[in-house]
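Q: Numbering (UniProt numbering) for the first sequence: 1 to 359. By construction, the Cβ of each residue, glycine as well, lies at the ideal position given by its N, Cα and C atoms. Since the structure is predicted, the reported quantities are computational estimates derived from the model, not experimental observations. The structure's right below; bear with me while I get my questions together.
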Amino acid sequence: MSGRRSAKLLVIVSEDDSRKLLLPDGIPESVDELVEKVREACGLKGKFRLQYQDKDFGDVFVNLTNTGELQSLCTLKIIPLPDEESFTVQTNDGTQSNDDTLSSFGSGDTDDTIILSPPGSETVSTRNQQWPKEFNIPRFSYDTELQLERGNSLFKANGTRLTVAPKMKSDILEKICDEIYKYKSYPSSANFCEVSEALIKKHPCLAEKGSFNGCYGWTQRFKMKMGNLRTQLKGLGCPEFLANSLKTKASDNAFPAKNVKRPKRGEANHIPSVPAGVSSENLETERLALLKEVKKRNNACTIREKMTKTFALRRREVVENQPSVQELQERWPALFQQEEVEPVISFKVQVIKHEFTVV
DNA sequence: GGAAGTTGCGTGTTGAATTT
DNA sequence: AAATTCAACACGCAACTTCC
């Protein structure tokens, strides 16, 4: 049991905000009491749940249902929950902030599991944020913002809608698709719909007259812009899209899609970018080093670190070369160790759950 | 189970707007 | 005026869904 002895806990409020929580009366017996203590100490508003590091599962964060799991010096993580009121944090200087990082830090989801993010994994993939509950419309260029401001006040006054000039349209499409790309390269129709609804909610002067929801045209434009963006990125050699390219795989250039299976819906074929400052040669050296490390005992930490580092190289091999299991086993023996398999299974479960929430 | 219809994606192209 | 950019369109195809 938690006992009545004083306790100290580390509370991770957000990615770059961790705080020490002193509990002179010890760890409370109920989770609700503890939540209130954390809320008071950190100045939190809105709903959140707590997660603790579970020793049985290699210190991954697990939802806290019983304070008996805790001891002094344990680490707690705050997971903001979707709420009618937005989640806010009292910063150390007393001001309140609605921290954007929170939405990316916590899952912001109603799932009971967390996304496994081993240390340093954020450097492996450039896209580590889940699709937001409410899509944030980015700031456009000064020109566009000025016109929108005027347009919106005119719309308020007499319902006049703004006629969007081509330059302004380009600016809106580009900025929004850049924002979309932070989360997904293949958003669903529902995603596009959310984005265009968020756009006309923020800028009502952009609503369209003939459209059933006022933004169908924008939805179509975003779809096309994302398609054009993918083509553009593929042209620049972005491996994520080269892997999905039909033309590079087709023998018959006249009909590039002929006899070439497209990836199934939801299949990412994702190849993450190589971390900045790291070359493929470096990664190959790391792979060779890994071959030696797996032969040593009690070496899980080093292996995990090297496997994380070489994730991009491994994905490239799998997607581009489609090696057999045997080849993969020879080149990446650590991949078949229990420590590496478990996170993969967890991740797959996450992906499946995510697909269900999308559909 | 299979035919028919729908959706989503990549590709190539067009034409208007913009830049050089 | 020529070159470039980019939104938008048409098309072919595979994946997927619906209907019988």
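#1: With a threshold of 8 Å on Cβ separation, who are the neighbours of L173 within its own chain once the five nearest residues in sequence on each side are excluded?
#2: Please state whether DSSP places L9 in a helix, a strand or coil.
#3: Tell me whether the stretch 28-35 and the stretch 64-83 touch, counting them as touching only if at least three CB pairs, one residue from each stretch, are closer than 8 Å.
#4: Helix, strand or coil: which one does DSSP assign to Q71?
#5: If the criterion is Cβ atoms closer than 8 Å, does the pair L21 and S6 meet it?
#6: Might you give, ordered along the chain, the residues of its own chain that have their beta carbon closer than 8 Å to the beta carbon of L154, omitting 5 neighbours on each side?
#7: Do I79 and F48 have their C-beta atoms within less than 8 Å of each other?
#8: Apart from the five residues just before and just after N259, which ones in its own chain have a Cβ nearer than 6 Å to its Cβ?
#9: Using a Cβ-Cβ cut-off of 8 Å (strictly less than) and excluding sequence neighbours within five positions of P138, which residues of its own chain qualify?
#10: Could I get the ranges of all uninterrupted beta strand (DSSP E) runs contained in the stretch 156-233, with 3 residues as the minimum, in chain order?
#11: Could you spell out where the alpha helix (DSSP H) holding L328 opens and where it closes?
#12: Which term fits E134, buried or exposed, when burial requires 16 or more other beta carbons within 10 angstroms of its beta carbon?
#13: Where does I303 fall in DSSP's three states?
#14: Given a threshold of 16 other Cβ atoms within 10 Å of its Cβ, counted over all protein chains shown, does F212 qualify as buried or as exposed?
#15: Less than 8 Å between C-beta atoms, sequence neighbours within five positions excluded: which residues of the same chain meet that for A334?
#16: Under 7 Å Cβ to Cβ from F241, same chain only, skipping five residues before and after it: list those, please.
#17: State the DSSP-derived secondary structure class of S30, mapped to helix, strand or coil.
#18: So what does DSSP say about T95, is it helix, strand or coil?
#19: Any idea what DSSP makes of V294, helix, strand or coil?
#20: Relative to the C-alpha of E238, which residue among E194, S185, L283 is closest?
A: Looking at the atomic coordinates:
#1: R221, F222, K225
#2: strand
#3: yes
#4: coil
#5: no
#6: Excluding residues within five positions, the ones whose Cβ falls inside 8 Å are T160, L162, C205.
#7: Between I79 and F48, the C-beta spacing is below 8 Å.
#8: Bear in mind that a pLDDT of 49 at N259, under 50, signals an unreliable position, so the number given afterwards is only what the model happens to contain. The answer is none, since no qualifying residue turns up.
#9: Counting only residues of its own chain and dropping the five nearest sequence neighbours on each side, P138 has a CB closer than 8 Å to the CB of K175, I176, D178, E179.
#10: none
#11: 325-331
#12: With fewer than 16 other Cβ atoms inside 10 Å of its own Cβ, E134 counts as exposed.
#13: helix
#14: exposed
#15: L290, E293, V294, I303, K306, M307, E340
#16: R230, L233, K234
#17: coil
#18: In this prediction, T95 scores a pLDDT of 43, lower than 50, which makes its location untrustworthy; the coordinate-derived value is nonetheless stated afterwards. Residue state, collapsed to three classes: coil.
#19: coil
#20: Checking the sequence, you will find Cys at residue 238 rather than Glu. The residue with the shortest Cα to Cα distance from C238 is S185.
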